[in-house]
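In my numbering, the protein residues as written are 343 to 420.
Think of the CB as a built atom: it goes at the ideal place given N, C-alpha and C, for glycine as much as any other residue.
Inspection log for the structure reproduced underneath, given as structure tokens.
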């Protein structure tokens, strides 16, 4: 998280699995990591979550959580 925040880039793409995503979200909102094991963000495979840092007051926002609209009409092949 420190490397992402210290980066001069405006946009980052992070691809991860559920447990790591939960820890990332907890760190983003500055939730104590010890509490992260007791929360669920309801993340689905392929879901897109958008995080944003407010430039005015530097608050951390979860702007979009687990958006899966891009998967509409996609079917699994088995």
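Item: Below 8 Å CB to CB, which residues in the same chain sit around residue 377 once its five sequence neighbours on both sides are set aside?; Value: 368
Item: Is DSSP giving residue 367 helix, strand or coil here?; Value: helix
Item: Just grab the DSSP bridge partners of residue 409 for me.; Value: 390
Item: If you measure between the beta carbons of residue 388 and residue 413, is that distance less than 9 Å?; Value: yes
Item: What is the residue span of the alpha helix (DSSP H) that residue 348 lies within?; Value: 344–348
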